[in-house]
Amino acid sequence: MHSVEAFRDLQSEAIGWRRYLHQNPELDYRLHNTARFVTEKLASFGINHIETGIAETGIVALIQGEGGEGATIGLRADMDALPILEASNKPWSSTLPGKMHACGHDGHTAMLLGAAKYLAKMRNFNGSVALIFQPAEEGALGGQRMVQEGIMERFSISQVFGMHNAPGMDVGTFSICDGPILASLDEFDLIVKGRGGHAAKPNETIDPVVIAAQIISGLQTLVSRYTNPLDALVISITKLNAAQAYNIIPDLVEMGGTVRTLVPSLRDFAERHILALAQGIARGFGGDADLNYRRHDPVTFNHTDETNLAIAAARKLVGPASVNDKMRPRMGSEDFAYMLEARPGAFIYVGNGSSAGLHNPAYDFNDEALPYGIGYWVSLVQTVLAA
Ligand SMILES: [Zn+2]
Ligand SMILES: [Zn+2]
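Taking the numbering used here, the leading residue of the sequence shown gets -3, the next gets one more, and so forth.
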């Protein structure tokens, strides 16, 4: 239907937008300049239904097709940067030390803007497209807040689609799978309580460091011995804090970690069993343990019908050989998962070439991926809302 060549003119313009956003990164919900920039561009494309200030700095804009009655589908881009000191050495590097677009959300925003410009001009589809520009994807639950503030109902969105760039995947290729594509994300703090004292008299203490060591090893058996080996689960201890001296056995050891899984019921399992196992071990040694378990992103779950629509749209753009429709899920997470809980939809990866990895100070979004991302959005709209 469309070759990517149809989007080359838009690419040159989108490169300008992308590099401007890259030079001016903003964090979490504080995307005031970014939101202003996006809103101005949308208005300049002749889009007159633009709502700003959703989840503080989020935006939803509606483009009506001229094909006739039809559904409204949501296309989502995230806009926030990360608290990282950039080391990409690109001429368009961040001008704000300690803030950086290291996850390519500058590219995601530019791609959705490119599609907006094209769709607002052509309007050759039924129904409407809701462009969702989201703040605070990086750990601050902007996607959840936009859903809580009612965007699905207010804009009558019936299906929702997302896209992320993937370093290490060739430019011009797409990857997706039906069902879980990204893991849920939970965090926990675990306090191991003992009784401190002089390091030379361990027999007069209950050493929480030795207890913590047993707990750390024990927790790995929750994955290896208590769950089905075919069900993906990661439990990692990533923080460890004890005494600050060589000659003191501390009263407490503070541990922190993360739980990732593709199986939603394993979140309940993890919360229950981390506490039971830590308390069991600690009490066996005369100590005790407390757990604070916090749930963040759910499993990012692709729905079958919408996944098939996404595959069809990508194939029309780049051909079947460049679309991997059996991608292995990843154990990272995405707050687009909240939108997929609210409405059926699909999340797809677009190749970013051999760039540095996401969240790496040397990372940069690949501008060669822009016409593919723009083309995918356009192809998706023309597939789902065929006039
Ligand atoms: Zn990220
Ligand atoms: Zn990201």
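Cβ atoms here follow ideal geometry from the backbone N, Cα and C, with glycine treated the same way.
From the DSSP output, in three-state form, read off G123 for me. By 1-based counting over the sequence shown, the position of residue 123 is 127. Here G123 carries a strand assignment [DSSP, helix/strand/coil].
Under the criterion of a Cβ to heavy atom distance below 7 Å, does H465 qualify as lining ligand 1? No answer is possible for residue 465: it lies beyond the span of the chain, which begins at -3 and ends at 383.
Go to S8, then tell me how far its alpha helix (DSSP H) extends in each direction, as first and last residue. Numbered from 1 along the sequence shown, position 12 holds the residue referred to as residue 8. Per DSSP, the continuous alpha helix (DSSP H) segment holding S8 begins and ends at R4 to Q19.
Using beta-carbon positions only, say whether R355 and L78 come within less than 8 Å of one another. Residue numbering aside, residue 355 sits at position 359 when the sequence shown is read from its first letter. Residue numbering aside, residue 78 sits at position 82 when the sequence shown is read from its first letter. The sequence given here places His at residue 355; Arg does not occur at that position. Contact check for H355 against L78 passes: the beta carbons are separated by less than 8 Å.
Which residue wins for smallest C-alpha separation from S154, given the options S375, Y359 and V125? Within the sequence shown, residue 154 is the residue found at index 158, counting from 1. The option with the nearest alpha carbon to S154 is V125.
Cα-Cα separation, V167 to R32: To locate residue 167, count along the sequence shown from 1; it is residue 171. To locate residue 32, count along the sequence shown from 1; it is residue 36. The alpha-carbon atoms of V167 and R32 are separated by roughly 30 Å.
Length-filtered (4 minimum) alpha helix (DSSP H) runs lying within the segment 90 to 162: Listed in chain order, the complete alpha helix (DSSP H) runs (minimum 4 residues) inside the segment 90 to 162 are 101 to 118, 138 to 144 and 147 to 150.
Of all the alpha helix (DSSP H) runs that stay within the bounds of the segment 215 to 284, which reach a length of 4 or more residues? Whole alpha helix (DSSP H) segments, 4+ residues: 261 to 280.
Nearest-angstrom Cα separation, counted from D286 out to R4: One-based indexing of the sequence shown puts residue 4 at position 8. One-based indexing of the sequence shown puts residue 286 at position 290. Going from the Cα of R4 to the Cα of D286 covers about 57 Å.
Whole beta strand (DSSP E) elements within the segment 11 to 77, 3-residue minimum: Scanning the segment 11 to 77 for uninterrupted beta strand (DSSP E) segments of 3 residues or longer gives 45 to 50, 54 to 60 and 64 to 74, listed from N- to C-terminal end.
Are the beta-carbon atoms of I177 and A116 separated by less than 8 Å? Here residue 177 refers to the residue found at position 181 of the sequence shown. Here residue 116 refers to the residue found at position 120 of the sequence shown. Not closer than 8 Å, so no.
Do you know how far the Cα of L236 is from the Cα of E250? By 1-based counting over the sequence shown, the position of residue 250 is 254. By 1-based counting over the sequence shown, the position of residue 236 is 240. Those two C-alpha atoms are separated by around 6 Å.
Would you say the beta carbon of C173 comes nearer than 7 Å to a heavy atom of ligand 2? Taking the first residue of the sequence shown as position 1, residue 173 is located at position 177. C173: no, Cβ never under 7 Å from ligand 2.
Contact set for A106: own chain, Cβ-Cβ below 7 Å, skip 5 residues either direction: For the purposes of this step, residue 106 is taken as residue 110 along the sequence shown, with counting starting at 1. Cβ neighbours of A106 beyond the five flanking positions: A10, W13, R14, L17 and L366.
Distance between beta carbons of L273 and G214, contact taken as under 8 Å: Along the sequence shown, read from residue 1 onward, the residue named residue 214 stands at position 218. Along the sequence shown, read from residue 1 onward, the residue named residue 273 stands at position 277. By a beta-carbon distance limit of 8 Å, G214 contacts L273. Their separation comes to about 5 Å.
Span separating the alpha-carbon of Y345 from that of I172: Indexing the sequence shown from 1 puts residue 345 at position 349. Indexing the sequence shown from 1 puts residue 172 at position 176. When rounded, the distance between both Cα atoms is 6 Å.
Which partner residues does G193 have in the DSSP bridge list? Within the sequence shown, the letter at position 197 stands for residue 193. According to DSSP, G193 bridges with I245.
Determine the extent of the alpha helix (DSSP H) in which V384 is found, giving its start and end residues. The question about residue 384 has no answer, for the chain in this structure spans -3 to 383.
Taking just the CA atoms, how far does L81 sit from D331? Residue 331 sits at position 335 when you count from the first residue of the sequence shown. Residue 81 sits at position 85 when you count from the first residue of the sequence shown. It is roughly 24 Å from the alpha-carbon of D331 to the alpha-carbon of L81.
Give the straight-line distance between the Cα atoms of A278 and A208, rounded to the nearest whole angstrom. Counted from its first residue, the sequence shown places residue 278 at position 282. Counted from its first residue, the sequence shown places residue 208 at position 212. Roughly 8 Å between the two C-alpha positions.
Hey, how far is the Cα of V259 from the Cα of A179? Locating residue 259 in the sequence shown gives position 263, where the first residue counts as 1. Locating residue 179 in the sequence shown gives position 183, where the first residue counts as 1. Distance between the alpha carbons of V259 and A179 is about 8 Å.
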